[in-house]
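Okay, so the sequence shown: first residue is 160 according to our numbering, each after it adds one. Every residue gets a Cβ at the ideal spot worked out from N, C-alpha and C, and that includes glycine. Since this is a predicted model, take the numbers as computed values, not measurements.
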Amino acid sequence: MSQAERAKPKVPTDIAEARRSGTRPRARFSQPPAARECEDKPMWREKRAATSARLESRSAVAEPEFDDPEASFMRSRFARRPEGADLAHLDATLDWALDSLWMAYQPIVQAATGSLFGYEALLRSEDPALPSPAAFLDAAERLGRLYDVGRVVRCKASEPMHRLPPPALLFINLHAVELSDETLLSPSAPLTAIAPRVVLEITERASLEVIDDVPSRVARLRELGFRIAIDDLGAGYSGLTSFARLEPDFVKLDMSLVRDVHKNPVKRKLVRSMTALCKDMGITVVAEGIEIVEERDTIVELGCDLLQGFLLARPERAFPEVRRSPS
Ligand code: G
Ligand code: MN
Numbered sequence: 160m161s162q163a164e165r166a167k168p169k170v171p172t173d174i175a176e177a178r179r180s181g182t183r184p185r186a187r188f189s190q191p192p193a194a195r196e197c198e199d200k201p202m203w204r205e206k207r208a209a210t211s212a213r214l215e216s217r218s219a220v221a222e223p224e225f226d227d228p229e230a231s232f233m234r235s236r237f238a239r240r241p242e243g244a245d246l247a248h249l250d251a252t253l254d255w256a257l258d259s260l261w262m263a264y265q266p267i268v269q270a271a272t273g274s275l276f277g278y279e280a281l282l283r284s285e286d287p288a289l290p291s292p293a294a295f296l297d298a299a300e301r302l303g304r305l306y307d308v309g310r311v312v313r314c315k316a317s318e319p320m321h322r323l324p325p326p327a328l329l330f331i332n333l334h335a336v337e338l339s340d341e342t343l344l345s346p347s348a349p350l351t352a353i354a355p356r357v358v359l360e361i362t363e364r365a366s367l368e369v370i371d372d373v374p375s376r377v378a379r380l381r382e383l384g385f386r387i388a389i390d391d392l393g394a395g396y397s398g399l400t401s402f403a404r405l406e407p408d409f410v411k412l413d414m415s416l417v418r419d420v421h422k423n424p425v426k427r428k429l430v431r432s433m434t435a436l437c438k439d440m441g442i443t444v445v446a447e448g449i450e451i452v453e454e455r456d457t458i459v460e461l462g463c464d465l466l467q468g469f470l471l472a473r474p475e476r477a478f479p480e481v482r483r484s485p486s
């Protein structure tokens, strides 16, 4: 054996070896940059400790435990789970992807004046194995690790808040299952300190029905100062029942309703009715995914209050300036 080989750490790097030695493959699991940056936050330390303990105790082929609300949601959503080795690989991949997670910010502007209203923080990953937010969330759902991802996202998203000039608000996506995460309500959580400037966007990608006592959880969030948005209305999974459950301050119309709205009379009727309904209920309407001038003009004419989309600005690392879009 060469000196270089002898110097290698004795950490199993593949599933077969991990299975033989009864440990999980950990060669790629290092202290993520996200962890280092959020180290001073007690919530993050708790999260790291819990994750490390779980990783230490779990063998390479172990199934996740289903004894918490997040895991039981996952069980209800996924009849088919990845087995043993697949699961361990996915787990290691998600750890690795958490290393490169960063937040992009996209402006939301006032329809009437074009001035800045806030920014939506959007998860971005550089990891080729989980390159899109959808792939990232799908892995987290399968592994029952939505809390892990959500805690990192909330911590990272709130970091540049001191550079966001008031009264601009920060919109952050929250998976419905995160409503059961007690750290969301923790006084020491990074978002709690800035709650009055934060809008929590909830997509009913997961049915709110699997979450216990949604109204009282939302009421506790409101007491802390958070505002609530229903995200992706019209996308198929955000239904009207979430209006009653969440009593939102904002509703975000899905970009599928916005796309070619100027050419499609049915979409125009839907947007007009949704906007009127929201106005009647005191809810502010955001139209997302506006890409061309015709879509913007039609959306403004139909009465939407706030606009978001590539026409105005693409999501970027620093808070991007709002482009002066053509008239
Ligand atoms: O589900 P949610 O609405 O949070 O997702 C927003 C996603 O849509 C982000 O990934 C963002 O990059 C993307 N997005 C934002 N504006 C536009 C747009 O104008 N067109 C398209 N196609 N995507 C957009
Ligand atoms: Mn969103």
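May I ask which residues mark the beginning and end of the beta strand (DSSP E) holding residue i?
i	result
leucine 392	386-392
methionine 262	261-269
isoleucine 331	328-334
threonine 443	443-446
leucine 302	Careful: leucine 302 lies outside any beta strand (DSSP E), inside the alpha helix (DSSP H) at 292-302.
glutamate 360	357-362
Rounded C-beta distance between residue i and residue j? I'm assuming under 8 Å.
i	j	result
threonine 434	aspartate 390	Going by Cβ atoms, the distance from threonine 434 to aspartate 390 rounds to 16 Å, so no, they are not a contact pair.
leucine 405	glycine 393	Leucine 405 to glycine 393, Cβ: 16 Å. No contact.
lysine 426	leucine 416	6 Å
leucine 380	leucine 359	7 Å
leucine 338	isoleucine 387	Not quite, the Cβ-Cβ distance comes to about 10 Å (not below 8 Å), so this is no contact.
tyrosine 278	alanine 327	7 Å
leucine 350	arginine 313	5 Å
leucine 296	histidine 321	Actually they do not touch by this definition, with Cβ atoms about 28 Å apart.
leucine 253	alanine 299	6 Å
Could you pull the start and end residues of the alpha helix (DSSP H) that residue i belongs to?
i	result
arginine 283	No alpha helix (DSSP H) holds arginine 283; the beta strand (DSSP E) holding it covers 275-283.
lysine 428	424-439
phenylalanine 402	400-405
With the cut-off set at 7 Å, would you say residue i and residue j are in Cβ contact?
i	j	result
phenylalanine 325	valine 481	Note on identity: in this sequence residue 325 is proline, with phenylalanine being the wrong assignment. Cβ distance not < 7 Å, so proline 325 and valine 481 don't count as in contact.
glycine 468	isoleucine 442	no
valine 311	leucine 260	yes
alanine 288	methionine 262	no
leucine 461	arginine 418	no
isoleucine 458	alanine 477	no
valine 357	valine 410	no
proline 560	leucine 282	Given that the chain is displayed from residue 160 to residue 486, the structure contains no residue 560 and the question cannot be resolved.
leucine 249	leucine 302	yes
I'd like to know whether the C-beta of residue i is nearer than 7 Å to at least one C-beta of chain B.
i	result
phenylalanine 276	Absent here is chain B; the protein component of the structure consists of one chain.
Please list, in chain order, all residues of the same chain as residue i whose beta carbon is under 8 Å from its beta carbon, the five residues on each side excluded.
i	result
arginine 456	For the record, residue 456 in the displayed sequence is aspartate; it is not arginine. Answer for aspartate 456: His421, listed in chain order.
valine 268	Ser274, Leu275, Phe276, Leu465, Leu466, Gln467, Leu471, Val481
isoleucine 353	Ser317, Met320, Leu329
Residues in the same chain with beta-carbon distance under 7 Å from residue i, minus the five sequence neighbours each way, listed in chain order, please.
i	result
proline 424	none
(message) For the region 338-355 against the region 370-377, do three or more pairs of beta-carbon atoms, one drawn from each stretch, fall closer than 8 Å, so that the two count as touching?
(response) yes
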